[in-house]
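What follows is a set of notes on a single structure, which appears directly below.
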Amino acid sequence: MANNETDIKIVAFLCNWCTFTAADLAGTSRLKYAPNIRIVKVMCSSRIEPVFILKALLDGADGVLIGGCAPGDCHYSKGNFYARRKIALAKTLAESAGLDSDRIRLSWIPASEGPKFAHVVNEFTEHIKNLGYNPARREVYI
Amino acid sequence: METMIDSRMIMTDFLAALFDKLDVAAVAAMSKLPSGEKAAYTLFTDKSGLKECVPFFPAMPANAARAISKLTREEAPSKTVAVFLRPCELRALTELIKIKQASLDNLLIISYDCSGVFPFQKINLSDETKLNAYQDAVSTGKNSEGIRPVCAACTRFTPRGADIAISIVGRSADQPLVLSFPSEKGQTAAKQLGLDVSKTVEASPAVESLARERKTAEEALTEQVNESLSGAQGLVNIFDRCISCHACSYVCPICYCKNCYFDSQTFEYFPESYFTRMTAKGTLRMPVDRVLFHLGRLSHMGISCVACGMCEDVCPVNIPVSQIFKTAGSKAQAVFDYIPGENSDDPLPLLAYAENELEEFED
Amino acid sequence: MNKGLWIEGPIKKGILDFLNGLLADQKIKAVLMPAKNKGGDSYAWFLMEKNGMLDSADPAPPVMTTQGANVVSYLTKKGPVWEKTAVLLRPCEYRAVIELAKIKQVDLTNLVLISFDCPGAFPLEKYINGDPKKLDEIFDTCLEKQTELEGARNVCTICHRFSGTGADIEIGLIGGKGEGFWLVPGSRQGEELIEGVAGSKTDNLDVRENAISERTILQETKRNNMLDSFQETVMGPENLLNTLSSCINCHNCSRVCPICFCRECYFDSKALSSEADNILQRAQRKGGLRLPPDLLLFHLGRMTHMSLSCVSCGACEDACPADVPVSMLFALAGRNTQAVFEYEPGRSQDEAVPHTVFKFEELKDFETPYIKEYSKEQ
Numbered sequence: 832m833a834n835n836e837t838d839i840k841i842v843a844f845l846c847n848w849c850t851f852t853a854a855d856l857a858g859t860s861r862l863k864y865a866p867n868i869r870i871v872k873v874m875c876s877s878r879i880e881p882v883f884i885l886k887a888l889l890d891g892a893d894g895v896l897i898g899g900c901a902p903g904d905c906h907y908s909k910g911n912f913y914a915r916r917k918i919a920l921a922k923t924l925a926e927s928a929g930l931d932s933d934r935i936r937l938s939w940i941p942a943s944e945g946p947k948f949a950h951v952v953n954e955f956t957e958h959i960k961n962l963g964y965n966p967a968r969r970e971v972y973i
Numbered sequence: 014m015e016t017m018i019d020s021r022m023i024m025t026d027f028l029a030a031l032f033d034k035l036d037v038a039a040v041a042a043m044s045k046l047p048s049g050e051k052a053a054y055t056l057f058t059d060k061s062g063l064k065e066c067v068p069f070f071p072a073m074p075a076n077a078a079r080a081i082s083k084l085t086r087e088e089a090p091s092k093t094v095a096v097f098l099r100p101c102e103l104r105a106l107t108e109l110i111k112i113k114q115a116s117l118d119n120l121l122i123i124s125y126d127c128s129g130v131f132p133f134q135k136i137n138l139s140d141e142t143k144l145n146a147y148q149d150a151v152s153t154g155k156n157s158e159g160i161r162p163v164c165a166a167c168t169r170f171t172p173r174g175a176d177i178a179i180s181i182v183g184r185s186a187d188q189p190l191v192l193s194f195p196s197e198k199g200q201t202a203a204k205q206l207g208l209d210v211s212k213t214v215e216a217s218p219a220v221e222s223l224a225r226e227r228k229t230a231e232e233a234l235t236e237q238v239n240e241s242l243s244g245a246q247g248l249v250n251i252f253d254r255c256i257s258c259h260a261c262s263y264v265c266p267i268c269y270c271k272n273c274y275f276d277s278q279t280f281e282y283f284p285e286s287y288f289t290r291m292t293a294k295g296t297l298r299m300p301v302d303r304v305l306f307h308l309g310r311l312s313h314m315g316i317s318c319v320a321c322g323m324c325e326d327v328c329p330v331n332i333p334v335s336q337i338f339k340t341a342g343s344k345a346q347a348v349f350d351y352i353p354g355e356n357s358d359d360p361l362p363l364l365a366y367a368e369n370e371l372e373e374f375e376d
Numbered sequence: 138m139n140k141g142l143w144i145e146g147p148i149k150k151g152i153l154d155f156l157n158g159l160l161a162d163q164k165i166k167a168v169l170m171p172a173k174n175k176g177g178d179s180y181a182w183f184l185m186e187k188n189g190m191l192d193s194a195d196p197a198p199p200v201m202t203t204q205g206a207n208v209v210s211y212l213t214k215k216g217p218v219w220e221k222t223a224v225l226l227r228p229c230e231y232r233a234v235i236e237l238a239k240i241k242q243v244d245l246t247n248l249v250l251i252s253f254d255c256p257g258a259f260p261l262e263k264y265i266n267g268d269p270k271k272l273d274e275i276f277d278t279c280l281e282k283q284t285e286l287e288g289a290r291n292v293c294t295i296c297h298r299f300s301g302t303g304a305d306i307e308i309g310l311i312g313g314k315g316e317g318f319w320l321v322p323g324s325r326q327g328e329e330l331i332e333g334v335a336g337s338k339t340d341n342l343d344v345r346e347n348a349i350s351e352r353t354i355l356q357e358t359k360r361n362n363m364l365d366s367f368q369e370t371v372m373g374p375e376n377l378l379n380t381l382s383s384c385i386n387c388h389n390c391s392r393v394c395p396i397c398f399c400r401e402c403y404f405d406s407k408a409l410s411s412e413a414d415n416i417l418q419r420a421q422r423k424g425g426l427r428l429p430p431d432l433l434l435f436h437l438g439r440m441t442h443m444s445l446s447c448v449s450c451g452a453c454e455d456a457c458p459a460d461v462p463v464s465m466l467f468a469l470a471g472r473n474t475q476a477v478f479e480y481e482p483g484r485s486q487d488e489a490v491p492h493t494v495f496k497f498e499e500l501k502d503f504e505t506p507y508i509k510e511y512s513k514e515q
């Protein structure tokens with residue numbers, strides 16, 4: 832367990848059309864969710880390169896959340912199918928490097944589902960809190 | 014398995030026949046340099062230089078797929094060029110063709126079952142004892158002492174996608190070449206060479222035994238690398254000495270980008286950013302993004318990594334780069350059921366998708 | 138500015154105390170300097186603030202891993218640092234920083250450059266494969282006694298700019314009596330930082346200066362002799378090719394070179410790639426062509442691009458996987474080209490890199506006196 836749980840940091844890459852809109856909806860609906868996420872908006876989940884995820888993890892982020900449109904609903908018709916492959920690659924590499932691929936989560940959250948967004952964020956934050964700090968966070972020699 | 018034929022030709026005859034019977038415009042193969050100690054990949058346009066040719070010399074000073082890419086990237090040759098490639102070089106070439114960095118047009122690819130190479134600094138043409146020991150290992154189908162660690166653990170040492178394949182493992186050096194012609198181009202070449210196709214040769218059991226030895230070595234290597242790659246700590250330990258010279262990516266046949274992402278402005282920061290990051294830990298190791306470079310490079314080329322071992326040979330601080338990339342790369346390849354260089358029709362995994370797949374990676 | 142401050146006691150500890158003092162007094166915000174890596178078998182660079190100083194920080198490490206000028210360039214390429222930052226550099230690294238400042242790859246604002254009298258460095262490979270502890274000891278003894286470093290890199294053994302002259306603060310070791318070092322300010326900034334530091338003030342540094350001049354003369358002779366005889370072995374295309382025969386064209390020498398700052402090297406650019414038939418024609422003219430082509434062009438071309446600024450730091454040779462004597466080749470090229478323009482890289486920030494300026498009347502030796510001959514006939 833992390834000693835100061837509010838200090839847990841999660842980088843969230845959200846696609847503009849679905850998950851970011853869902854986050855917006857969660858906000859305007861005054862839904863409460865864990866304040867630990869830092870959102871980076873991208874136009875499509877397929878924009879997220881494995882390097883982004885690895886960079887976040889190596890620089891000390893405790894978790895990385897990737898949110899996109901549900902398969903079949905991509906604004907660009909097939910971007911999220913490519914995204915899924917990239918995330919699979921990132922997770923596999925993180926796992927091979929012993930970086931705990933559990934800190935990476937891919938969730939499909941449609942634009943209309945504000946409550947789902949809040950739920951995913953809360954659940955993932957709880958999960959990361961249980962995992963504790965990312966060991967890379969304080970590693971000076973990295 | 015294609016039928017293997019006793020060609021009744023030794024190497025010099027074969028090389029001459031390429032010019033005389035197949036009328037190739039050039040042959041690319043390893044050849045002696047004037048210094049007499051080292052060999053380099055060379056393009057010959059006539060028979061006069063062929064006596065310097067040492068196609069099987071067990072060193073890879075550069076992955077030849079890079080040379081072929083340089084040769085054919087702008088525009089393929091208008092006449093046939095015969096190129097000698099090791100199986101891993103051929104696999105790298107196949108990958109490069111998929112990303113449009115090379116062309117197969119008018120190339121006649123000659124490959125052979127490979128017994129591995131020494132780190133290029135560690136072998137000279139005058140090292141007779143070493144070369145004799147290597148030849149013994151080739152003819153008995155064993156791993157030779159001192160070859161690259163990834164070569165000793167290479168299970169894909171038979172050529173895929175060659176036009177002419179030469180069988181070497183389990184055969185002695187002075188014996189006539191045993192050839193097979195797996196492709197259509199190869200079949201045509203066989204006819205032009207006027208070979209007696211009735212003289213077939215059995216596969217050598219040495220190939221099987223070498224494959225078994227390699228498999229065991231590969232498993233041991235995987236286990237060893239997995240042990241060392243254990244989270245942030247493991248990564249720091251492995252890449253501790255890295256001086257960020259990026260030589261590994263420069264010699265990598267798959268890393269074709271002229272301006273590497275990791276040398277780009279994306280990874281240049283304003284001084285304030287360095288100071289902010291320093292303040293977080295009190296100390297900031299420079300240059301930053303050193304471990305990220307390696308993991309990031311893995312994410313860019315690991316799926317296509319053919320485990321040729323060039324990266325490790327050039328590392329000035331002896332990091333076992335290729336052993337790590339081979340192991341981590343094959344894990345990534347397994348996710349997509351992809352074998353780099355195996356089949357030129359297989360699309361690169363990140364350029365394709367299926368609608369229902371990889372459920373274990375989403376929620 | 139002939140004033141110095143003699144600080145008695147162990148050298149490396151003394152330097153670290155001085156730096157820690159500056160940090161504690163908030164005269165500087167951070168220090169950029171080498172420290173041991175985690176495994177203790179090599180070194181790396183660290184940007185450290187007051188509470189982050191590593192115990193293993195080493196102002197004068199026995200090897201050069203990443204060339205310091207490259208690190209300074211990473212830090213300041215996009216703009217100046219906002220707060221005073223001390224940078225510990227070998228003299229050759231310092232000179233490279235000055236060269237990079239001229240070509241705007243380094244911003245010197247707020248940097249305090251500190252250099253020391255360097256006994257040389259071990260080849261990186263030798264250090265990593267050897268016994269680091271033993272080599273550390275050998276190096277530290279040489280640093281203190283200022284004796285010749287046994288097993289140093291070739292290019293270090295013929296270094297003639299071994300003192301930190303020109304830096305904001307020079308750590309003077311040559312000419313010192315007993316264990317200790319001088320802090321010699323080289324600029325107003327340096328003077329301010331030294332003010333108030335405990336030590337014995339010296340107004341007269343003649344001992345040191347004489348010792349430096351003496352050694353400079355010795356080293357210059359050694360350098361010239363060694364480069365002359367080296368030149369004989371590499372003259373002519375055949376000898377040059379033999380010297381470079383193990384080169385695998387990996388261009389790593391240029392990647393680690395502090396002066397080679399181009400993001401995309403000309404020799405990797407489209408300018409030098411051509412169609413297969415073109416390459417075949419080139420091969421046909423001689424019956425054969427090494428692939429990839431243009432190996433010699435790369436080295437000679439690189440010389441034309443950076444030899445004027447070559448500080449002979451030896452990073453190229455440390456990074457060469459094929460044991461090519463690159464640093465000697467470039468030291469030779471540098472010596473010869475720099476002499477033409479009486480230019481010394483890193484000597485002064487005010488001296489422009491020769492090929493960026495010209496004089497109306499100069500370099501007559503390089504012109505064919507066509508007009509003169511013509512007018513004679515008239």
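Chains as they are written, first to last, in our numbering: chain A, 832 to 973; chain B, 14 to 376; chain C, 138 to 515. Cβ coordinates follow ideal geometry from the N, Cα and C atoms, glycine included. Keep in mind that this is a model prediction, so the values were computed, not measured.
At a cut-off of 8 Å between beta-carbon atoms, K501(C) makes no contact with chain A.
Counting only runs of 4+ residues, the alpha helix (DSSP H) found wholly inside the segment 328-392 of chain C occupies 343-371 and 373-380, in chain order.
A straight line joining the alpha-carbon of E355(B) with that of C265(B) spans about 18 Å. Along the length of the segment 245-309 of chain C, whole alpha helix (DSSP H) runs at least 4 residues long occupy 261-266, 269-282 and 291-294, reported in chain order.
Per the coordinates, the alpha-carbon of G62(B) lies some 13 Å from the alpha-carbon of P68(B).
Below the 7 Å Cβ cutoff, chain A contributes Y972 as neighbours of K175(C), in chain order. Boundaries of the beta strand (DSSP E) around I868(A): I868 to V873. Taking the Cβ atoms as the reference, R400(C) lies roughly 6 Å from N272(B), within the contact range of under 8 Å. With 16 or more other CB atoms across the displayed protein chains lying within 10 angstroms of its CB, M443(C) is buried. In this structure, the alpha-carbon of Q283(C) lies about 11 Å from that of K314(C).
Under a 10 Å Cβ-count criterion, P47(B) is classified as exposed, with fewer than 16 other Cβ atoms of the shown protein chains found around its own Cβ.
In the three-state reduction of the DSSP assignment, G899(A) falls in the strand class, which pools E and B.
Chain-order list of chain C residues neighbouring M291(B): A167, L184, M185, E186 and G189, by C-beta distance under 8 Å.
Under the 8 Å criterion on CB atoms, A459(C) is classed as interfacial with respect to chain B.
About 6 Å separates the beta carbons of I316(B) and Q346(B), which is inside the 8 Å limit, making them a contact pair.
With 16 or more other Cβ atoms inside 10 Å of its own Cβ, I123(B) counts as buried.
Taking a beta-carbon distance threshold of 8 Å, G425(C) counts as an interface residue toward chain B.
Close CB contacts of D273(C) within its chain, under the 7 Å cut and outside five residues either way in sequence, are with P199 (chain order). V871(A) has a beta carbon lying at 8 Å or more from every beta carbon in chain B. Under DSSP, I123(B) forms a beta bridge with F97(B) and I177(B). Assigned with DSSP and collapsed to three states, C229(C) falls in helix. The C-beta of W939(A) comes closer than 8 Å to at least one C-beta of chain B.
Counted as a single uninterrupted DSSP element, the beta strand (DSSP E) harbouring R427(C) occupies residues G425 to R427. Interface with chain B (8 Å Cβ-Cβ cutoff): H492(C) is excluded. Unbroken beta strand (DSSP E) runs of no fewer than 3 residues, entirely contained in the segment 154-232 of chain C, are found at 167-173, 180-186 and 222-226, following chain order.
The bridge partners DSSP lists for K45(B) are A52(B). Straight through space, the alpha carbons of R184(B) and T153(B) are spaced by roughly 8 Å. Following the DSSP letters along the chain, one finds S343(B) in no beta strand (DSSP E) but inside the alpha helix (DSSP H) bounded by residues V334 to V348. Looking at D126(B), T142(B) and F170(B), the one whose alpha-carbon comes closest to that of S180(B) is D126(B).
Put simply, the CB of M24(B) is far from chain C, with every gap to its CB atoms at 8 Å or more. As the crow flies, the alpha-carbon of L190(B) is around 13 Å from that of V210(B).
As the crow flies, the alpha-carbon of S262(B) is around 23 Å from that of P260(C). Listed along the chain, the chain B residues whose CB falls inside 7 Å of the CB of F912(A) are Y366 and E368.
When CB distances to chain B are screened at a threshold of 7 Å, the residues of the segment 414-440 of chain C falling below it are D414, I416, L417, A420, Q421, G424, G425, L426, R427, L428 and P429, in chain order. Residue environment for W939(A): buried (at least 16 other C-beta atoms within 10 angstroms of its C-beta). Contact with chain A is absent for F338(B), since none of that chain's Cβ atoms lies less than 8 Å from the residue's Cβ.
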